[in-house]
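First up is the structure itself, then whatever we jot down about it.
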Ligand code: GDP
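Residue numbers (the working numbering): 1 to 764.
See the structure below:
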């Protein structure tokens, strides 16, 4: 067994000035938590699968996700001391930037035991810049806990992550955290779940005590009360459970009766067994807990409704029942049917969802095994890259946040970590051989009548590729010295493999390296990581908007490119048309039309066809106005002649030249990214926020008034949103929150376009 020392701590954003106190001794695991064998084998029998829970925790930043996770690890025996985000010593947020910024950036996998179950907890980031990271972790989860701040209800980022999780049909439960906080309101939260998440909440807890006097909860399933008395047990590990006496007519008894009736009423709508009890006039309190638990489990797994629990992680209240609920109600791997598995027969199917670079061990690849067994010492086949990789005999591990336990094999349903893989990227799919890969693609084609060319896993049977939104910001990046240039490029290469939403490109015109990403913070983090993890103090140029360009009118262009090297003559002549197409369209491949089209260009996949498309794509990445990508364009080749003996690379170069020449003639305009924002703000600050948005060219498309807070839906140009989060915090004393994502690209006014081009190029 070997250990990777990871630093585990966290300081919150608004407490970023506090220095960190990092203490490894806090994280010594109790040795009894795991079997001690260093050659442990994980099998995949049905019973084993039923004891696995692959779960994630999703929340809006600040809702208490990290605190809740820390309490889970503590009560399970994983850690011996309570981690505290306010003191910077938590296990799951272990990267330097996370500690400094108090946000969870990279999903950390933690494995711990609860009630004989193995819980693989994948931590998911809560910041808007890291939604790709969230998507990656969501893909490998079987269930999720959504943590809400009970004084705020459903906040903007929760909504975004909830939507993402719903796309993957991930069963969820909700934990209303911070019940001890001033303004915590159980019923307001239920209302906000119903209205904002559009799902039926099923409360299975009732809070006992309000705000500072919150001491525990009523369990509506077992009809018990659970009280945490901090004077008797400060760490909350022991709490009192007492069966409720409901045979009296006190207001609290009546309330429990009413809520239990409501629970049974809802469950009977979905579950036949409960319905039968109701029809047979079984008293609600006499319906066996096991039947209620079964009903809740089925409802949760089918995503029919969502159960709601409550507690206060910081005050150590309600976390053990939350863990019980994870085990009882969230699905095990075999509860979830993955349609794509039918293409693999009984062979290996595993998905990489995260790559981290360890200074000593190199790239470590996190893998979710869906089917088959991943074995140390055996070869695996990367279906996305068509490459074979061998897992070293000592390179297969089971993972905790900072500890890697060597194993011989990892079975279906489990999460593993593989060291020493060379070329794999986040989102790649592994199977056992090229034969299985071919078989899977053929099966897919046979059963669906389609060819598997998609990189979107919702269409693809092989889970290939990731849904990565286009980068909206970029900046130039320079090494501090010529001698550090290579180090920087290698480091960027590594970060890029970990994070597919980061793009590193060479700007052809300036010859500078540029990094493109999802937001200001995203790129800042890259700079920090270069320094802290790779020792490169890179210089980043000013943040720039990733504009796009669009061809406004149809255009035809004929071009000829020729060169003679020795006895070889390369000659390509072609006529193309550029046609404006619908919004949001990215060029993928050209159409080859015309009666005299040579046969090779009518053959999809022909080496020359591919070369032409490659050339087109590369030229369209460099528009005539600002060298930005040209979008919303179709390319039609109406005539093409390739002289015999012409090389493939020359064909590609000729295609690129033709497009570049055509774009020079074309009537083009600049398009700017427009972001869809959702802002939660208290009513008192709403007007100030709206005024500020108007100054930022924002348009409020919806204004939902909700008791004492408002939800604004806004469309605003990204160019005017730089520094928005800081401004919003100042305007609202940190009470407002927002999320944003790219909505579309819109044409700039001529005046704006002129100003931008002038600023960037000094021309015009
Ligand atoms: P995250 O951003 O969702 O991971 O939230 P954190 O766990 O970092 O918590 C954010 C802040 O809320 C920290 O200052 C915590 O101490 C505080 N906090 C977390 N849980 C509770 C709770 O149950 N009650 C109260 N009052 N504060 C909490």
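No residue lacks a Cβ here, since even glycine has one placed at the ideal position from N, Cα and C.
What you are looking at is a predicted structure, and each value in this text was computed from that prediction instead of being measured.
Quiz item: Which residue or residues does DSSP assign as beta-bridge partners of residue 557?
Solution: In the DSSP output, where bridge partners are listed per residue, residue 557 has 576.
Practice problem: Return the bridge partner residues of residue 365 from the DSSP annotation. | Solution: Its beta-bridge partners are 355 and 418.
Quiz item: What number of angstroms, rounded off, separates the C-alpha of residue 616 from the C-alpha of residue 639?
Solution: One C-alpha to the other measures close to 15 Å.
Quiz item: Ordered along the chain, which non-local residues of its own chain (more than five positions away) have a Cβ less than 8 Å from that of residue 235?
Solution: Excluding sequence neighbours, residue 235 sits near 74, 82 and 316.
Quiz item: Is it the case that the Cβ atoms of residue 146 and residue 58 are separated by a distance below 7 Å?
Solution: For residue 146 and residue 58, yes; Cβs fall inside 7 Å.
Exercise. Look at the alpha carbon of residue 170 and the alpha carbon of residue 65, and state the distance between them as a whole number of angstroms.
Key: For residue 170 and residue 65, the distance between alpha carbons rounds to 18 Å.
Quiz prompt | Reduced DSSP secondary structure (H/G/I, E/B, other) of residue 203 | solution = In the structure shown, residue 203 adopts extended strand secondary structure according to DSSP, grouped into three states.
Exercise. Count the CB pairs spanning the region 364-380 and the region 401-412 that are closer than 8 Å, and state whether there are at least three.
Key: Short answer: they touch.
Quiz item: Going by DSSP, what residues sit across from residue 627 in a beta bridge?
Solution: BP columns for residue 627 are empty, so no partner.
Quiz item: For the ligand GDP, any of its heavy atoms closer than 6 Å to the Cβ of residue 390?
Solution: No; taking the cut-off as 6 Å, the Cβ of residue 390 has no heavy atom of the ligand GDP nearer than that.
Quiz item: Out of 534, 756 and 474, which has the shortest C-alpha to C-alpha gap to residue 822?
Solution: Given that the chain is displayed from residue 1 to residue 764, the structure contains no residue 822 and the question cannot be resolved.
Quiz item: Does the beta-carbon of residue 590 have 16 or more other beta-carbons within 10 angstroms, so that it is buried, or is it exposed?
Solution: Buried is the call here.
Quiz prompt | Cβ pair residue 424, residue 386 closer than 7 Å | solution = In this structure, residue 386 does not lie closer than 7 Å to residue 424 by Cβ.
Quiz item: Would you call residue 566 buried or exposed, if buried means 16 or more other Cβ atoms sit within 10 Å of its Cβ?
Solution: Per the 10 Å Cβ criterion, exposed.
Exercise. Can you say whether residue 753 is buried or exposed, counting buried as having 16 or more other CB atoms within 10 angstroms of its CB?
Key: By the neighbour-count definition (other C-beta atoms within 10 Å, threshold 16), residue 753 is a buried residue.
Exercise. State the beta-bridge partners of residue 122 as determined by DSSP.
Key: Beta-bridge annotation (DSSP): residue 122 is paired with 56 and 109.
Exercise. Count the C-beta pairs between the region 497-505 and the region 414-428 that are closer than 8 Å, then say yes if the count reaches three, no if not.
Key: Under the Cβ criterion (8 Å, minimum of three pairs), the region 497-505 counts as touching the region 414-428.
Quiz item: Within the chosen definition, does the region 207-227 reach the region 239-253 through at least 3 CB pairs nearer than 8 Å?
Solution: With a cut-off of 8 Å, the region 239-253 and the region 207-227 count as touching, because enough Cβ pairs lie within range.
Exercise. Check the DSSP bridge columns for residue 641 and list the partner residues they point to.
Key: DSSP, once it has assigned bridges, lists 573 as partnering residue 641.
Quiz item: So does the region 630-638 actually touch the region 657-673, counting three or more Cβ pairs closer than 8 Å?
Solution: With three or more CB-CB distances shorter than 8 Å, the region 630-638 counts as touching the region 657-673.
Quiz item: What number of angstroms, rounded off, separates the C-alpha of residue 585 from the C-alpha of residue 744?
Solution: Those two C-alpha atoms are separated by around 11 Å.
Quiz item: Would you say the beta carbon of residue 355 comes nearer than 6 Å to a heavy atom of the ligand GDP?
Solution: Every heavy atom of the ligand GDP is 6 Å or more from the Cβ of residue 355, so no.
Quiz item: Rounded to a whole number of angstroms, what is the C-alpha to C-alpha distance between residue 245 and residue 341?
Solution: For the pair residue 245 and residue 341, the Cα-to-Cα distance works out to about 50 Å.
Quiz item: If you draw a straight line from the C-alpha of residue 724 to the C-alpha of residue 198, how long is it?
Solution: Straight-line Cα distance between these residues: approximately 29 Å.
Quiz item: Where do the N-terminal and C-terminal ends of the beta strand (DSSP E) with residue 173 fall, by residue?
Solution: Its beta strand (DSSP E) spans residues 172-177.
Practice problem: Ignore the nearest five residues each way along the sequence and tell me which others in residue 15's own chain have a CB closer than 6 Å to its CB. | Solution: Reliability of the predicted coordinates at residue 15 is poor, the pLDDT of 30 falling under 50, and the value obtained from them is presented with this limitation in mind. Residues of the same chain with their beta carbon placed closer than 6 Å to that of residue 15 are lacking, with the five preceding and five following residues left out of the count.
Practice problem: Excluding the 5 residues preceding and the 5 following residue 156 in the sequence, name in chain order all residues of the same chain whose CB lies nearer than 6 Å to its CB. | Solution: Around residue 156: 678, 680, 737, 738 and 739.
Quiz item: Thinking just about the alpha-carbon of each residue, which of 259, 217, 247 and 292 is nearest to the one in residue 239?
Solution: Nearest option by C-alpha distance: 217.
Practice problem: Along the beta strand (DSSP E) that carries residue 408, what are the first and last residues, could you check? | Solution: Note, residue 408: beta strand (DSSP E), 403-410.
Quiz item: Comparing alpha-carbon positions, which option in 730, 299, 248 and 346 lies nearest residue 267?
Solution: Cα-wise, what sits closest to residue 267 is 299.
Practice problem: Can you say whether residue 582 is buried or exposed, counting buried as having 16 or more other CB atoms within 10 angstroms of its CB? | Solution: Exposed, because fewer than 16 other Cβ atoms sit within 10 Å of the Cβ of residue 582.
Quiz item: Near residue 564, what residues of its chain come up, given a Cβ to Cβ distance below 8 Å and the 5 sequence neighbours on each side ignored?
Solution: Excluding the 5 residues flanking it on each side, residue 564 has same chain C-beta neighbours closer than 8 Å at 570, in chain order.
Self-check item: Start-to-end residues for the beta strand (DSSP E) that takes in residue 680
Solution: DSSP places residue 680 inside the beta strand (DSSP E), whose first and last residues are 668-682.
Quiz prompt | Cβ neighbours of residue 388 in the same chain (closer than 6 Å, five flanking residues each side left out) | solution = Taken in chain order, the residues that qualify are 379 and 381.
Quiz item: Taking residue 433 as the reference, which of 283, 344 and 396 has the closest Cα?
Solution: It is 344.
Self-check item: heavy atom of the ligand GDP below 6 Å from residue 56 C-beta
Solution: Every heavy atom of the ligand GDP is 6 Å or more from the Cβ of residue 56, so no.
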